[in-house]
Amino acid sequence: MKKKILPMKYPSPVSFPYEANILSILNFYDEHSAWLHSNFIQLINTKDTTKYDVRVGMNELFNSPFLTIKRLHAKDFSENIVQKIIEILDNDIYFYFLTVDQSYIQACNNQNTHELFVFGYDDNEKCFHLADFISGQYKFFTGGYDEIVNATKNLEQYEKDIILIKYNKGVQFNFTMSKVSSLIQIFLQPEINLQKNLNQIENYLNPEMTQTINGNFGIKSFGVNVYKDLHNYIECLYESTSIWVDMRPFQSLYFHKYLMLNRVVYMNEHNYLKEDISKNINYLVNHSLIIRNLLIKYTFSTNKRLLLQALQFLTALENSEKETLNELLVLLR
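The number in our numbering is simply the position in the sequence shown, starting from 1, with 3 added.
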């Protein structure tokens with residue numbers, strides 16, 4: 004009996020399944036660090052005024068030189084799906100369902116359709132090794148062959164494709180301070196650098212892949228302007244009687260600061276900076292985490308004062324980030 008589990012390592016605190024899945028692959032290897040810290044500096048909001056979909060970066064994950072990504076039609080997997088997945092995994096390729104009926108997979112504890120990532124199998128146990136968010140936490144777990152068959156029996160109806168991902172070993176990528184500096188400037192001055200923003204989108208986005216993963220990638224705001232959207236969202240919550248809060252925008256805000264701190268630590272370790280400002284960046288990380296936690300507390304208590312506190316911390320975070328990143332730009336010159 005055969006068994007194969009492709010390398011995976013739990014990712015940093017992300018918001019979306021596609022981020023978690025791809026970073027779980029990349030995090031297993033060290034050689035992607037220079038690329039990771041050269042990207043994911045932008046913040047974008049892709050929704051209208053009634054919904055907020057804040058994301059980190061310009062979809063760089065689907066354009067990483069360390070990955071080969073291929074999209075296939077779901078109808079190609081309507082028959083013999085277990086054997087087809089095994090054959091793909093045997094070729095060191097990860098298998099990414101964009102939609103399955105998770106009600107058939109006991110470990111998922113979900114009665115709805117959702118994404119599902121497959122990174123291994125065990126013929127002895129007749130199961131696949133899977134990854135997805137369960138009750139808000141990204142987890143690795145197993146699902147029986149029969150569960151996967153049932154969960155995918157209506158695959159064509161969902162009009163979602165299959166994504167295959169292969170890690171490219173031996174790729175070299177050099178960290179460039181000029182690129183980091185340019186992206187930070189774009190983040191801080193989204194209006195002035197509008198054309199640069201548009202160029203970033205053209206360079207980074209694979210339109211077909213983006214539409215497949217995220218739907219229509221309509222950009223509403225860039226960079227520090229996303230703070231205004233987050234302010235508006237919290238104010239809408241304050242005026243509303245609804246207690247449901249979408250935590251993902253605030254998790255993305257925290258993820259953005261988390262990555263910035265790791266970036267500065269990386270630059271310090273490689274002597275790119277004249278002085279260490281990681282304490283200042285750590286302040287941003289802590290503030291973004293406080294904001295997220297205040298929103299979590301609000302979902303349980305419905306205490307409006309928590310929203311007012313979140314607004315105060317959000318204003319302080321925005322001001323501190325502008326000041327700190329401008330200091331960083333000086334050090335990068």
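All residues carry an ideal CB built from backbone N, CA and C; glycine is no exception.
Residue i to residue j span [Cα, whole Å]
i    : j    : result
I96  : I165 : 12 angstroms
D79  : V103 : 15 angstroms
K129 : V57  : 39 angstroms
E326 : L233 : 19 angstroms
L92  : S27  : 16 angstroms
L328 : L191 : 8 angstroms
F65  : L29  : 12 angstroms
Y107 : T145 : 13 angstroms
H290 : L320 : 6 angstroms
I189 : K172 : 32 angstroms
L201 : I8   : At L201 the pLDDT is 47, less than 50, meaning the model places this residue with poor confidence; the figure from the coordinates comes in the next sentence. Near 40 angstroms, if we compare the C-alpha coordinates of I8 and L201.
H35  : N113 : 33 angstroms
V183 : N42  : 7 angstroms
L276 : A37  : 15 angstroms
N265 : N94  : 33 angstroms
L167 : L262 : 26 angstroms
L335 : S255 : 25 angstroms
I187 : S281 : 16 angstroms
N322 : V288 : 14 angstroms
Y13  : V333 : 34 angstroms
R251 : K169 : 27 angstroms
Q203 : N127 : For Q203, the predicted structure reports a pLDDT of 47, less than 50, and the residue's modelled location is therefore unreliable. A value from the coordinates is still provided. Rounded to whole angstroms, Q203 to N127 spans 47 angstroms at the Cα level.
V227 : T318 : 11 angstroms
K223 : T49  : 5 angstroms
H132 : E242 : 44 angstroms
I84  : A154 : 11 angstroms
D149 : Q86  : 12 angstroms
P16  : G139 : 11 angstroms
M180 : N235 : 34 angstroms
S304 : N115 : 27 angstroms
Beta-bridge partners of residue i, as assigned by DSSP
i    : result
T71  : K169
S224 : N48
K6   : D125
R58  : I47
I96  : K169
Neighbourhood of residue i by C-beta, 6 angstroms cutoff - its chain only, sequence neighbours within 5 removed
i    : result
I237 : L310, A313, L314
P10  : F31
D125 : K6
Y269 : H40
F98  : I88, I91, V121
Y141 : A23
Cβ shell of residue i (< 8 angstroms), same chain only, five flanking positions each side left out
i    : result
L297 : L309, L310, Q312, A313, F316
H273 : F178
W247 : T302
N306 : K300
E330 : I280, N283
H259 : F43, L46, V59, S291
R295 : M250, F253, Q254, L256, Y257
I137 : A110, C111, N112, N113, F144
Contacts around residue i, its chain only, beta-carbon distance under 7 angstroms, and the 5 residues preceding and following it disregarded
i    : result
G147 : K129, C130
T244 : none
N24  : Y99, F120, A134
L75  : D164, I165, L167
S18  : R251, Q254, S255, F258
Assumed close pair residue i, residue j - CB separation to whole angstroms, cut-off 8 angstroms
i    : j    : result
F225 : I44  : In fact, because the Cβ distance is near 11 angstroms, the residues do not count as touching under 8 angstroms.
I293 : V267 : That pair is no contact at about 20 angstroms.
F143 : E118 : Not really, about 14 angstroms apart at Cβ, beyond 8 angstroms.
P68  : V152 : That belief does not hold up - the Cβ atoms of P68 and V152 are roughly 35 angstroms apart, past 8 angstroms.
Task: Those runs of the alpha helix (DSSP H) which lie wholly inside the segment 98 to 165 and span at least 4 residues - done: 148 to 154
- [ ] Counting only runs of 4+ residues fully inside the segment 243 to 303, write out the alpha helix (DSSP H) ranges in chain order.
- [x] 251 to 272
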